[in-house]
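There are 2 protein chains.
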Amino acid sequence: MVGVSEANNGVEWRVTVSEGSSVKIEHGTGFLSRAWLGLAGFLLAMKMKLLGFASKVWNIGADDPRKVIHGVKVGLALSLVSLFYYTRPLYDGVGGTAIWAVMTVVVVFEFSVGGCLCKGFNRATATLTGGTLALGFHYLADTSGKTFEPIIIGVSMFLLGSAATFSRFIPLIKDRFDYGITIFILTFSFVSVSGYRVEHLVTMAQQRLSTIAIGVSICFCICIFICPVWAGGDLHFLIVRNMEKLATSLEGLVANYFDDDDEENENEKSPSKTCQQYKCVLNSKGAEDSLAKLAIWEPAHGLFSFKHPWQQYLKIGVALRRCAYCVETLNGCINSDIQAPQYVKKHLNEVCTKVSLEAAKVLKETANSIKSMTKSPCIDSMIEEMNISVEELHTALRTLPNKKVTSSSQGIETMSFIEALPIIPVTSLLIEISTRVEGVVDSVEELAELASFKTSEIEKHEQSNEEQGKVVTIEVQQV
Amino acid sequence: MVGVSEANNGVEWRVTVSEGSSVKIEHGTGFLSRAWLGLAGFLLAMKMKLLGFASKVWNIGADDPRKVIHGVKVGLALSLVSLFYYTRPLYDGVGGTAIWAVMTVVVVFEFSVGGCLCKGFNRATATLTGGTLALGFHYLADTSGKTFEPIIIGVSMFLLGSAATFSRFIPLIKDRFDYGITIFILTFSFVSVSGYRVEHLVTMAQQRLSTIAIGVSICFCICIFICPVWAGGDLHFLIVRNMEKLATSLEGLVANYFDDDDEENENEKSPSKTCQQYKCVLNSKGAEDSLAKLAIWEPAHGLFSFKHPWQQYLKIGVALRRCAYCVETLNGCINSDIQAPQYVKKHLNEVCTKVSLEAAKVLKETANSIKSMTKSPCIDSMIEEMNISVEELHTALRTLPNKKVTSSSQGIETMSFIEALPIIPVTSLLIEISTRVEGVVDSVEELAELASFKTSEIEKHEQSNEEQGKVVTIEVQQV
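Top line first, the protein sequences correspond to chains A and B.
Residue 358 in the working numbering sits at position 358 of the first sequence, with consecutive numbering throughout.
Residue 734 in the working numbering sits at position 255 of the second sequence, with consecutive numbering throughout.
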């Protein structure tokens, strides 16, 4: 019967069991009917759960088809690498260790190119260094006689295992070579331990390296040449999107605050979603950090050079979050119980909205500048306009107590301090937000320097005009 | 020469090269001296770098000795498992696949018990399911003739590899079985591919399972019985510490704000560190999420039962961060350029400080309540006191414009609106913070319900008194 309540969510077939009829059946027929009803309910519940799960899975694929493609790519790489087992000549070439190639594909193939390169590089170098070191220790153990052999191997495994494991806690190593350390310990243990039994250690090492090379190159080729997913590009557009979301939220929240009483019902639902977009910015630190870690492994692609300053994106992310903290607090103020009366709001409506729009405009322009990787020609004038509107807000606040108010009951009187009180935090947060938006612009300008963004066409034109002499400027002044 | 400037940081031996003497040597002696000087400088620079790195590594170990112990534990597990290779009888028992036991130890041994159990469980079940499924497909391929055999195996690898890889994007699977999926694909490919060559598949599967079982049990034993690191405990104390940090920051920031001009020099350095502690709270989402993921795998330990509501800690974390966002904005306000004059601050000093102290007290009490896992008997009265102080702040604000001010130049006059302006956001943020602190308390109370926190001794005593009748109450009233 579990499914009955869930069945009401609109599906093709349902077992409608009103309370009365259910009782009727229980009394009228017997065990079989009840069992059948129970089974039907159970099956229905299962079907609903499965359908729900399937639609969830479908949405994951529909939201980001690259995930589906990634699955297909892994399947393809696996099938390709298994050719090494099916085809005799190749099989004989790399010996019984061809399974390492399959293993390499399974373990190294990551969603992004950066992840794949990072793991492939780690696996290859760690296998090489771990193997070499183990061979050295093995030689040492071999020459020191039967008694010391197991002791030397045991102690070396203990010491290297401990040291390598501890080294994973060092930030730099954790960020770049975490997987490599695992493989280093693995290879070292593998070679030392099997060295005690197997004779042809060097041949085995060669075989293992060649199979890993085969696996890694299949991974790299498929990962880079079939619908590549670049961690760097993802980071780039994540920052751009976050910036746009923040701008939209800021505009929406302030517009909402001042529109509140005029069209209460209309605005209650639709803007809430766009206004809450800033929450993505608050929680994106983890994604940014991991993307930046992978992006440094990627070769030059699209607009990005090999030495693209990915770390600077993290700084922009920090500046954006500083902004978002203020927007979060602003959201709290706006949804607070104590609100300024409508006539107070009306007095500051225009200036506040202007500040929010100007700040949002600056953010959007900066986002566009990153997106197109060109220096914005008008960002300085936009910041100036934002600062002018902030000045206007300051002035409006200063003149607030002298404002004459037409109140329906008591005629004309000056605005009271207490009534103005709830709106002041909103204004001061807007001012703080505008300061922090400048912080975002500064960090983006640093990025523009580091990544040598193009100068936009308009600015180029202006610069060439400046070079032609002051004639143009004078003309403009005359106009 | 690189090292010369770095050498001044106080080391045992240094090559002091004043500008004059350097020139002298260059002219006086020849290439050899210069080369020697260069080499010495280079070696010194290398030594400084190494020393710096060593001290960093030392600090990592000194800050959290559990990390060093973890390294030793891994070394121990590796040495133990290699016994299976050194000891003949055991070696014969599990066959040439004993290397899988070493591999299992290297891959499964994680820092926390939760991580170790999660990986061990994943590895064991994934090997079992992957192996069984591969055997099924292998049987199917075997019965359908030589022509179809490679096709069936190839297609099944492609389909299962693709589907399993895609399933890693489903949040639930990603959170709990990410590693299992890798091992599933690995085992499936391994068994299908080698099934084409190797005859005794079932024996191999048995061997692999038994070696993995050996590796996993060694990991589990060492991980749980030698200085265990519990992810759940870490999460528990991370939340407690964050709560305390937030309380300290809040107290410190407000105290700093009002003390500012009185003892400027004294307060400039010392409190800044404690005041910035809230930043840990802003950035702890990632750590909380990953600890909670691991904690669900852990058995009952210490104060925590098997079904301890770890997810609720994440909710407390969200509530704490909501608080921290406000504290961040408060920090911005306090460090803003425009400040209220000292006499305005003085008027609100007492009430504001009281609100901050009360809110911090509530946070600390809540932290203590979580730490000791007992319901706090006095939290309600503390919240009441906090709300009373908020009310007092409201009243102080309302009466602010009527306050008479003794200004040295103009005698007594009423406080001006403009001068009071910069302090108002601070007060309104304090009020907002107190609301959000209540949110934290609510989420902790939910935790107390879910984890059935003990009632504290004092409360128990009160309750038993209540049960004994009203005699005691009357006595108390008389006193």
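From the three backbone atoms N, C-alpha and C, an ideal C-beta is built for every residue, glycine too.
- L235 (chain A) has a beta carbon lying at 9 Å or more from every beta carbon in chain B.
- Inter-residue distance for S895 (chain B) and R545 (chain B) is about 59 Å (C-alpha atoms, whole angstroms).
- Going by C-alpha positions, S290 (chain A) is about 40 Å away from D337 (chain A).
- Among the residues of chain A, those whose CB is under 9 Å from the CB of A642 (chain B) are G71 and G75, following chain order.
- No residue range can be given for P422 (chain A), since it is assigned to no alpha helix (DSSP H) and is classified by DSSP as neither H nor E.
- Under the Cβ criterion of 9 Å, R322 (chain A) is counted among the residues facing chain B.
- Nearest in C-alpha terms to T874 (chain B), of all of B:D859, B:S907 and B:N847, is B:S907.
- Sorting B:R602, B:I902 and B:G694 by C-alpha distance to the C-alpha of T832 (chain B) places B:I902 at the top.
- Rounded to whole angstroms, F109 (chain A) and F590 (chain B) show a C-alpha spacing of 25 Å.
- V68 (chain A) has a beta carbon lying within less than 9 Å of a beta carbon in chain B.
- Neighbourhood of K285 (chain A) in chain B, by CB distance below 8 Å: N762, K764 and G765, in chain order.
- According to DSSP, T374 (chain A) shares a beta bridge with A:K454.
- Closest option to Q342 (chain A), judged by alpha-carbon separation, among A:L421, A:M46, A:I153 and A:C221: A:L421.
- By the neighbour-count criterion, in which a residue is buried when 16 or more other Cβ atoms sit within 10 angstroms of its Cβ, Y658 (chain B) is buried.
- If only uninterrupted alpha helix (DSSP H) runs of at least 4 residues are considered, those enclosed by the region 546 to 633 of chain B are 567 to 573, 578 to 587 and 592 to 622.
- In this structure, I691 (chain B) lies near A603 (chain B), with their beta-carbon atoms less than 9 Å apart.
- At least one beta carbon of chain B lies nearer than 9 Å to the beta carbon of F169 (chain A).
- Listed along the chain, the chain B residues whose CB falls inside 9 Å of the CB of E432 (chain A) are T808, G811, C812, S815 and P904.
- Per DSSP, T727 (chain B) is one residue of the alpha helix (DSSP H) stretching across A710 to D738.
- With fewer than 16 other Cβ atoms from the protein chains shown falling within 10 Å of its own Cβ, E863 (chain B) counts as exposed.
- The beta carbon of G609 (chain B) lies closer than 6 Å to those of F663, T666 and F667 in the same chain, with the five residues before and after it left out.
- Every alpha helix (DSSP H) of 4 residues or more that sits fully in the region 772 to 828 of chain B is shown, in chain order, as 789 to 813.
- Ranked by Cα distance from P425 (chain A), the options B:C706, B:T611, B:V916 and B:G811 are led by B:G811.
- Residues of chain A with a Cβ closer than 9 Å to the Cβ of S784 (chain B) do not exist, since the nearest Cβ in that chain sits about 28 Å away.
- Taking a Cβ-Cβ cut-off of 7 Å, Y658 (chain B) has no neighbours in chain A, whose nearest Cβ is about 11 Å from it.
- Between the alpha carbons of L128 (chain A) and A519 (chain B) lies a gap of roughly 33 Å.
- Contact annotation: T165 (chain A) and H549 (chain B) have beta-carbon atoms nearer than 9 Å.
- In the DSSP assignment, I862 (chain B) falls within the unbroken alpha helix (DSSP H) covering I858 to R877.
- Taken atom to atom, the span from the alpha-carbon of W515 (chain B) to that of A524 (chain B) is near 14 Å.
- In this structure, E328 (chain A) sits near Y804 (chain B), with a CB-CB distance shorter than 9 Å.
- The Cβ neighbour count for I226 (chain A), taken over all protein chains shown within 10 Å, is under 16; the residue is labelled exposed.
- Boundaries of the alpha helix (DSSP H) harbouring G38 (chain A): F31 to D63, taken from the DSSP string.
- A distance below 9 Å separates the beta carbons of L909 (chain B) and L872 (chain B).
- With fewer than 16 other beta carbons inside 10 angstroms of its own, C700 (chain B) counts as exposed.
- The alpha-carbon separation between W100 (chain A) and K245 (chain A) amounts to approximately 46 Å.
- The beta-carbon distance between M861 (chain B) and V841 (chain B), rounded to whole angstroms, is 5 Å. This is short enough to meet the 8 Å contact definition.
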